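Notes to accompany the following structure.
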Amino acid sequence: MTGLLAKVFRLRWTAVLLVGVMGQGANAADALNGKSLYLNGPVSGGATCASCHTSSPANNVNGILAAANQPSVIQNAIATNKGGMGSLFNGKFSAAELADLAAFIGNPNVVAAPAASLAPASLTFSGTSIGQTAGPLSATLSNTGNAALNIGTISLSGAAAGDFSVAGGSCANGGAVAAGASCTVQASFKPTAAGTRAASLTITHNATGGSSVVALSGTGNATPQATIALSAASVNFGTLLTGSPSAVSTITVSNSGQAALTFSSIALGGANAGIFTLGGTCAVATPVPAAGSCTVTLQASPVAAGAFTASLALASNASNGNATVGLSGTAATPAPALTATPSAIAFGTQTIGAAAVAQTVKLANTGNVVITFNKVGLSAGGAASISLGASDCGATLAVGGNCSVPVLFAPAAEGAASATLAVTSNAAALQVGITGTGTKQATATPVLSEAGPIVFSDTQVGSSAPVHTTTLSNSGNASLSIATLTLGGNQPGDFVLGGTCVAGAAVAPGSSCTLTTAFKPIAAGARSADLLLVTDGGAQFHLALNGNGVAVVITTPSLTIAPQSFDYGAVVIGSAAPTRRFTLTNSGAAAVTLASATFTGPFAAVADNTGCAAFPVTLAPGASCDLVVSYTPANAGASTGSVALQSSVAGSSWTIALSGQGTAAASNAAPVNKGGGGCSASDDVNDPMMVFLIISAAIAIGWRRRQTKRIGG
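Quick note, the sequence shown lines up with residues 1 to 713 if you use this note's numbering.
If you want it as structure tokens, here you go:
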């Protein structure tokens with residue numbers, strides 16, 4: 001009866017396994033997921049297969065290859081508790097996971113790989129006149145694999161390849177498609193001859209097969225038609241002055257068809273059409289032959305300030321319809337403007353008879369029209385000891401230009417002296433006051449090594465441009481001290497002042513000190529400041545500081561971690577440390593560099609040649625690697641810790657939460673192993689070690705009996 005029940009039980013269990021295997025067959029097994037389960041253990045935590053069978057099933061430790069592509073063998077071993085597997089894994093794996101494990105055991109060298117799918121398999125264009133363009137039509141390249149699909153080249157081939165073109169779409173030469181993602185490629189058809197035209201669009205890649213192909217076909221119609229093409233779809237005249245005509249802009253109109261192009265109208269329209277003058281060789285009465293061209297010229301003469309818009313419309317017999325050119329620009333009222341830097345000059349006290357002291361006034365055209373000078377000189381009645389040096393200012397000054405006017409002071413008598421630099425032009429009159437004092441006493445003569453402006457190179461916001469150095473020298477015969485040294489103007493906070501010249505510092509005759517300036521923008525755009533230096537003798541110096549801040553877009557790294565947390569479960573203190581693999585995937589569009597991994601608690605990284613490289617490690621978009629982490633409890637009780645991953649981009653980091661339970665080893669615990677050392681390779685309940693133990697016991701018993709007879713005899 002007992003034997004009959006056992007046979008019934010085996011038949012029922014075989015039926016269950018067959019149903020399970022048949023159910024698993026409905027979905028393809030995932031050997032990569034099986035690899036993760038094998039190396040890391042069940043998702044819910046616990047022991048790993050690798051702890052008994054080593055890190056690779058190919059080693060066939062404990063006969064594990066018997067389960068290659070055979071999930072029923074694994075299920076049977078768990079059900080019968082072979083090698084203690086039931087105690088470790090009962091209820092831990094689903095049927096699909098058992099199939100994945102079996103698939104990995106059957107293919108232990110499995111690696112992540114892309115899989116390419118290009119659909120549809122063919123693109124058919126409608127009948128198109130020769131020289132005309134049809135499309136575009138799109139095909140989608142999908143990556144159904146589990147690794148990045150790298151695109152090599154996208155090319156056309158075949159007898160009529162020249163009738164097709166590839167443009168647009170998101171697929172690109174040298175691009176990559178992440179696992180589970182897709183991109184599109186677009187093709188157009190422009191027949192060069194009548195009849196059926198065919199070609200192939202080929203995308204090379206790193207997936208199986210090396211390439212994917214889409215068949216292209218279309219029909220060329222021989223009816224000749226005109227085709228219009230423009231050299232520009234729009235014209236922006238920029239900023240113009242009211243009352244002044246713009247430069248002439250020319251649009252070339254081409255006929256790329258096979259028939260003559262005739263115009264039914266060439267006209268201006270829109271809100272400000274009246275400010276434009278139309279010209280050129282294109283005309284309603286003049287056809288443009290096939291492969292020929294004509295021109296349309298446009299000139300704008302705005303009469304009012306503000307933005308202006310219009311359009312040029314060309315109606316014709318072209319097969320691709322009428323053509324339109326957008327016209328735009330901005331008009332401004334003429335506004336001449338002239339500025340002087342500095343706005344006043346103070347020479348301070350200078351010794352009579354000493355060499356003349358010089359300072360420079362910079363004149364800048366800050367308006368929108370050319371400056372025409374009437375006079376640049378000293379006003380009548382000024383002190384004779386004040387004069388002008390050789391200026392580089394000519395009769396005119398271009399918009400945005402500047403020129404210099406040197407001013408000299410050589411006192412001939414004691415007391416104060418003053419004069420005015422007067423500048424008259426088509427801009428508002430400009431005056432620069434000049435003062436100085438003559439003395440018979442020895443005086444300092446401050447001289448700045450440059451008059452400015454100091455222009456720094458374009459600098460990223462938050463960064464600093466190279467330091468610029470200016471020298472303040474004392475060529476007089478008395479010491480000077482710096483009374484004032486400040487930064488002012490529009491954005492003084494974007495500039496840094498340093499050097500040995502500081503407020504209160506003294507500069508002996510024949511000595512000098514340095515002024516260092518640096519540009520460190522805190523915002524994008526044009527930035528400026530004014531450096532003012534005043535000596536105790538009343539001499540004033542101004543240096544204009546200019547720079548341009550450049551904003552930098554920083555792409556935030558994107559990293560996906562699976563799993564984001566893990567509980568190692570109960571682990572006996574002193575036993576082999578269980579491990580878990582955490583997959584780090586770059587889910588962004590830019591490369592991610594992980595600078596470091598910091599561990600807390602009884603957790604540590606495990607060197608594994610199948611895992612992530614040593615930190616720092618860089619992951620390309622779509623790439624991934626496994627971080628292998630072990631748990632080694634030193635004390636009984638709950639353990640918590642984490643792994644902190646730090647990116648090379650400031651402020652970007654990720655954390656994996658870890659936990660486990662340390663348990664003390666039992667000194668007299670009853671063994672539960674029913675196989676050899678906790679893992680059995682046998683397919684039944686007989687442990688292969690038992691045969692050896694029985695033979696050894698028989699030999700020992702025989703030896704004892706012989707010894708007993710010998711003693712008794």
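From the three backbone atoms N, C-alpha and C, an ideal C-beta is built for every residue, glycine too.
Quantities reported herein were computed from a predicted structural model and do not represent experimental measurements.
- Distance, Q132 Cα to K190 Cα: Taking the sequence shown and counting its residues from 1, the one referred to as residue 190 is at position 190. Taking the sequence shown and counting its residues from 1, the one referred to as residue 132 is at position 132. Taking the straight line joining both Cα atoms gives about 5 Å.
- In terms of DSSP beta bridges, what is F373 paired with? Along the sequence shown, one-based indexing puts residue 373 at 373. BP columns for F373 point to S425.
- DSSP three-state call for A664: helix, strand or coil? Your numbering for residue 664 matches position 664 in the sequence shown. Coil at A664, not helix or strand.
- Item | Assigned secondary structure, C49 (DSSP; H/G/I helix, E/B strand, else coil) | Sequence index remark: in the sequence shown, residue 49 carries index 49 (1-based). Coil at C49, not helix or strand.
- Query: Of the choices A79, T286, A331 and Q646, whose alpha-carbon is the least far from that of S264?
  - Reply: On the sequence shown, position 264 is the one that residue 264 refers to. Cα-wise, what sits closest to S264 is T286.
- Task: Decide yes or no for the touch test of the stretch 326 to 335 against the stretch 394 to 403: beta carbon pairs closer than 8 Å, at least 3 of them.
- Result: no
- Task: For G306, collect the residues of the same chain with a Cβ closer than 8 Å to its Cβ; drop the 5 residues on either side in sequence, then sort them by chain order.
- Result: One-based indexing of the sequence shown puts residue 306 at position 306. Correct list, in chain order: T330 and A331.
- Could you name the residues that DSSP lists as bridge partners for Y631? Indexing the sequence shown from 1 puts residue 631 at position 631. Answer is F603.
- Element boundaries [beta strand (DSSP E), containing S575]: Stepping through the sequence shown from its first residue, residue 575 is reached at position 575. Going by DSSP, S575 is part of no beta strand (DSSP E) at all; its letter is neither H nor E.
- Query: Any idea what DSSP makes of V284, helix, strand or coil?
  - Reply: For the purposes of this step, residue 284 is taken as residue 284 along the sequence shown, with counting starting at 1. In this structure, V284 counts as coil in the three-state DSSP scheme.
- Item | Separation of A139 from P120, as counted between CA atoms | Position 120 of the sequence shown holds residue 120. Position 139 of the sequence shown holds residue 139. Using only the alpha carbons, I get a separation of about 6 Å.
- Would the beta-carbon of S387 fall within 9 Å of that of V407? Sequence index remark: in the sequence shown, residue 387 carries index 387 (1-based). Sequence index remark: in the sequence shown, residue 407 carries index 407 (1-based). For S387 and V407, yes; Cβs fall inside 9 Å.
- Query: Thinking C-beta only, is G257 closer than 9 Å to S200?
  - Reply: Looking up residue 200 in the sequence shown gives position 200. Looking up residue 257 in the sequence shown gives position 257. Against a cut-off of 9 Å, the Cβ pair of G257 and S200 comes out as no contact.
- Item | Rounded distance between the beta-carbons of A657 and S565, thought under 8 Å | Against the sequence shown, residue 565 aligns to sequence position 565. Against the sequence shown, residue 657 aligns to sequence position 657. About 4 Å; that satisfies the 8 Å criterion.
- Message: Checking 9 Å against the spacing of the C-beta atoms, do N586 and S624 come in under that value?
- Response: Along the sequence shown, one-based indexing puts residue 586 at 586. Along the sequence shown, one-based indexing puts residue 624 at 624. Contact flag set, yes.
- Message: If I measure Cβ to Cβ from A416 and keep anything under 6 Å in the same chain, skipping five residues before and after, which residues do I get?
- Response: The residue given as residue 416 occupies position 416 in the sequence shown. These residues qualify, in order along the chain: T437.
- Taking the CB atoms as reference points, tell me whether G489 and A427 lie closer together than 9 Å. Within the sequence shown, the letter at position 489 stands for residue 489. Within the sequence shown, the letter at position 427 stands for residue 427. Taking 9 Å as the Cβ cut-off, G489 and A427 do not qualify as a contacting pair.
- Grouping DSSP H, G and I as helix and E and B as strand, with all else coil, what is Q460? Here residue 460 corresponds to residue number 460 of the sequence shown, with the count starting at 1. Residue state, collapsed to three classes: strand.
- In DSSP terms, what V643 is bridged to: What you label residue 643 is simply residue 643 of the sequence shown in a count that begins at 1. The partner list for V643 (beta bridge, DSSP) reads F599 and I656.
- Run through the stretch 132 to 196 for me and flag every whole beta strand (DSSP E) of 3 or more residues, listed as ranges in chain order. The stretch 132 to 196 contains these whole beta strand (DSSP E) runs: 134 to 143, 149 to 157, 164 to 169 and 182 to 189.
- State the DSSP-derived secondary structure class of K362, mapped to helix, strand or coil. Taking the first residue of the sequence shown as 1, we reach residue 362 at position 362. Of the three classes helix, strand and coil, the one that applies to K362 here is strand, per DSSP.
- Would you say S642 and F599 are within 9 Å of each other, going by their C-beta atoms? The count along the sequence shown starts at 1 and reaches residue 642 at position 642. The count along the sequence shown starts at 1 and reaches residue 599 at position 599. Yes, they are a contact pair.
- G269 - partner residues in DSSP beta bridges: Numbered from its first residue, the sequence shown carries residue 269 at position 269. G269 pairs with S311.
- Inter-residue Cα distance where the pair is A740 and F582: Since the first and last residues shown for the chain are 1 and 713, residue 740 lies out of range.
- Message: Please state the DSSP three-state secondary structure of S449.
- Response: The count along the sequence shown starts at 1 and reaches residue 449 at position 449. DSSP places S449 in coil when its eight states are reduced to three.
- Counted within 10 angstroms of its Cβ, other Cβ atoms place V507 as buried (16 or more) or exposed: In the sequence shown, counting from the first residue as 1, residue 507 sits at position 507. So V507 counts as buried.
- Under a Cβ-count criterion, where at least 16 other Cβ atoms within 10 Å of its own Cβ denotes burial, should E97 be classed as buried or exposed? As a working note, residue 97 is residue 97 in the sequence shown. The residue in question, E97, is buried, as its Cβ has 16 or more Cβ neighbours within 10 Å.
- Would you tell me roughly how many angstroms separate the C-alpha atoms of A283 and S343, rounded to the nearest one? The residue you call residue 283 lines up with position 283 of the sequence shown. The residue you call residue 343 lines up with position 343 of the sequence shown. Here the alpha carbons of S343 and A283 stand approximately 58 Å from one another.
- Item | Reference G34, options T144, C52, A259 and A68, closest by Cα | As a position in the sequence shown, residue 34 is number 34, starting the count at 1. Among T144, C52, A259 and A68, the Cα nearest to that of G34 belongs to A68.
- Query: Does DSSP classify S319 as helix, strand or coil?
  - Reply: Residue 319 sits at position 319 when you count from the first residue of the sequence shown. Coil at S319, not helix or strand.
- Item | Residue nearest to L627 in terms of C-alpha spacing, selected from G637, N635 and F615 | Within the sequence shown, residue 627 is the residue found at index 627, counting from 1. Per the Cα distances, F615.
- Environment of S575 [buried if 16+ CB atoms lie within 10 Å]: Here residue 575 corresponds to residue number 575 of the sequence shown, with the count starting at 1. With fewer than 16 Cβ atoms within 10 Å of its Cβ, S575 is classed as exposed.
- Grab the span of the beta strand (DSSP E) containing S117 for me, first residue to last. Sequence index remark: in the sequence shown, residue 117 carries index 117 (1-based). Counting along the chain, the beta strand (DSSP E) containing S117 begins and ends at A116 to A119.
- Output yes or no for whether 9 Å exceeds the beta carbon distance between T250 and T297. Against the sequence shown, residue 250 aligns to sequence position 250. Against the sequence shown, residue 297 aligns to sequence position 297. Yes; because the gap between Cβ atoms is below 9 Å, this pair is in contact.
- Where does I522 fall in DSSP's three states? Taking the sequence shown and counting its residues from 1, one reaches residue 522 at position 522. Residue state, collapsed to three classes: coil.
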